[in-house]
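So the protein lines, in turn, are chains A and B.
Residues 1 to 129 in our numbering are what the first sequence lists, from first letter to last.
Residues 130 to 258 in our numbering are what the second sequence lists, from first letter to last.
Ideal Cβ placement from N, Cα and C applies to all residues, glycine included.
Owing to the predicted nature of the structure, the values given are computational and were not obtained by experimental measurement.
Take a look at the structure below.
There are 2 protein chains.
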Amino acid sequence: MSVSKSPIHERISEAEYAVMEVLWQRGTSSAADVCEIICPQREWSLATVKTLLSRLVQKGAITASPDGRRYLYSPVIARSDYVEEESQRLVDRLFGGKAASLVAHLAEREALSDADLVEIEALLKELKQ
Amino acid sequence: MSVSKSPIHERISEAEYAVMEVLWQRGTSSAADVCEIICPQREWSLATVKTLLSRLVQKGAITASPDGRRYLYSPVIARSDYVEEESQRLVDRLFGGKAASLVAHLAEREALSDADLVEIEALLKELKQ
DNA sequence: TTATATTGACTACAAACGTAATCATTAGCT
DNA sequence: AGCTAATGATTACGTTTGTAGTCAATATAA
Numbered sequence: 001m002s003v004s005k006s007p008i009h010e011r012i013s014e015a016e017y018a019v020m021e022v023l024w025q026r027g028t029s030s031a032a033d034v035c036e037i038i039c040p041q042r043e044w045s046l047a048t049v050k051t052l053l054s055r056l057v058q059k060g061a062i063t064a065s066p067d068g069r070r071y072l073y074s075p076v077i078a079r080s081d082y083v084e085e086e087s088q089r090l091v092d093r094l095f096g097g098k099a100a101s102l103v104a105h106l107a108e109r110e111a112l113s114d115a116d117l118v119e120i121e122a123l124l125k126e127l128k129q
Numbered sequence: 130m131s132v133s134k135s136p137i138h139e140r141i142s143e144a145e146y147a148v149m150e151v152l153w154q155r156g157t158s159s160a161a162d163v164c165e166i167i168c169p170q171r172e173w174s175l176a177t178v179k180t181l182l183s184r185l186v187q188k189g190a191i192t193a194s195p196d197g198r199r200y201l202y203s204p205v206i207a208r209s210d211y212v213e214e215e216s217q218r219l220v221d222r223l224f225g226g227k228a229a230s231l232v233a234h235l236a237e238r239e240a241l242s243d244a245d246l247v248e249i250e251a252l253l254k255e256l257k258q
């Protein structure tokens, strides 16, 4: 039986997720650091990034540790955990909880290339040991 | 190259999705029909269902055809298309667009049971013909 | 024919979200 | 010492979402 993981953080919105992604990639960062990366991409102002960071702190998805007169922000949840949560949510909502159905769907819809198929096959072989 | 499908409807919210699910299962239905199924499950009032239905019409996700003094609502988008959109969105957001990465993730996280693995393997074999 | 039940249209309203501006503080430069 | 730039806190404001209530029209039952 696998451990059922209940999320300790509130649901993260789309915009908030973009900020998380930066933190996961860069690791601990200041608001300015995050903006440097994300503001050009999304055409956001620094103010927007700050708002999102504080909302993420409120939601328990990141922590803020004082560093001089600013904060450094770090993810509380690992990217892999988040990915897991979201994947599971999708499988539950759309595939009746059956992950294999998702895979079947991807395959049928040709979302999987031939290379993907080969790769997956190899993967399965390994997992079955 | 697979046809890239751009969604003709606006983004559907969580609550709206629940209504879609009923329409997909029951097919064309009146507001009362939908409520009969969904209201007990979600503890909604009929008014809520009506609001969601009209928002879905606005968003172009369903159509309303007059039937006497009421409407019958039908999905415009097929469930499979919706599922495809959502799956693709997840793969793009979380797995850099690589569906195989999603499968790998599911497998590693043991979201896939042994039975699933066998099932998928059979599926792959078939797809490779 | 009159009361009632049903239906969509319209309105409501708080919470979440996207996107920021303003402000007070303070660190650093001149 | 005074000015400037950076920073978090606070406030703002339009939109979307969740969840309904109300109302006018009309079909139906008595």
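Whole-angstrom Cβ separation of Val34/A and Val19/A, contact assumed at under 8 Å? The residue given as residue 34/A occupies position 34 in the first sequence. The residue given as residue 19/A occupies position 19 in the first sequence. With a Cβ gap of about 6 Å, Val34/A and Val19/A count as contacting.
Per-residue DSSP class, three states only, for Ser54/A: For the purposes of this step, residue 54/A is taken as the residue at position 54 of the first sequence. In the structure shown, Ser54/A sits in a helix (DSSP, three-state: H, G or I).
What in chain A is Cβ-close to Ile249/B, meaning under 7 Å? Walking along the second sequence from the start, residue 249/B turns up at place 120. By Cβ distance, chain A contributes Ala100, Val103 and Leu124.
Amino acids of chain B, ordered along the chain, whose beta-carbon sits closer than 7 Å to that of Val49/A: As a working note, residue 49/A is residue 49 in the first sequence. Residues of chain B passing the Cβ test: none, with the nearest at roughly 19 Å.
When the cut-off is 7 Å and only beta carbons count, does Leu181/B lie next to chain A? Numbered from 1 along the second sequence, position 52 holds the residue referred to as residue 181/B. Chain A contact via Cβ: absent.
How about Val163/B: is its C-beta nearer than 7 Å to some C-beta of chain A? Within the second sequence, the letter at position 34 stands for residue 163/B. For Val163/B, the answer is no, since every Cβ of chain A falls outside 7 Å of its Cβ.
Could you have a look at Arg199/B and say whether DSSP puts it in helix, strand or coil? Here residue 199/B corresponds to residue number 70 of the second sequence, with the count starting at 1. If DSSP states are grouped into helix, strand and coil, Arg199/B belongs with the strands.
Beta-carbon neighbours of Val83/A, restricted to chain B and to distances below 7 Å: Counting from 1 along the first sequence, the entry for residue 83/A is found at position 83. Those within 7 Å of Val83/A in chain B are Leu223 and His234.
Does DSSP put Ile62/A in a helix, in a strand, or in coil? Working through the first sequence from its first residue, we reach residue 62/A at position 62. The answer is strand: DSSP assigns Ile62/A an E or B state.
What does Leu90/A reach in chain B if we use C-beta pairs closer than 8 Å? As a position in the first sequence, residue 90/A is number 90, starting the count at 1. The contacting residues are Glu215, Ser216 and Leu219.
Specify the secondary structure class of Gln174/B as computed by DSSP and reduced to three states. Position 45 of the second sequence, counting from 1, holds the residue named residue 174/B. The identity of residue 174/B in the sequence shown is Ser, whereas the question assumes Gln. Reduced to three states, the DSSP call for Ser174/B is coil.
Going by alpha carbons, who is nearest to Arg42/A out of Val22/A, Ala107/A, Val103/A and Arg55/A? Within the first sequence, numbered from 1, the residue matching residue 42/A stands at position 42. The option with the nearest alpha carbon to Arg42/A is Val22/A.
Once you ignore the five residues that flank Arg140/B on each side, which residues in its own chain have a CB closer than 7 Å to its CB? Numbered from 1 along the second sequence, position 11 holds the residue referred to as residue 140/B. No residues qualify anywhere along the chain.
Is Ser158/B helix, strand or coil by DSSP? Residue mapping note: residue 158/B aligns to position 29 of the second sequence, counting from 1. In this structure, Ser158/B counts as strand in the three-state DSSP scheme.
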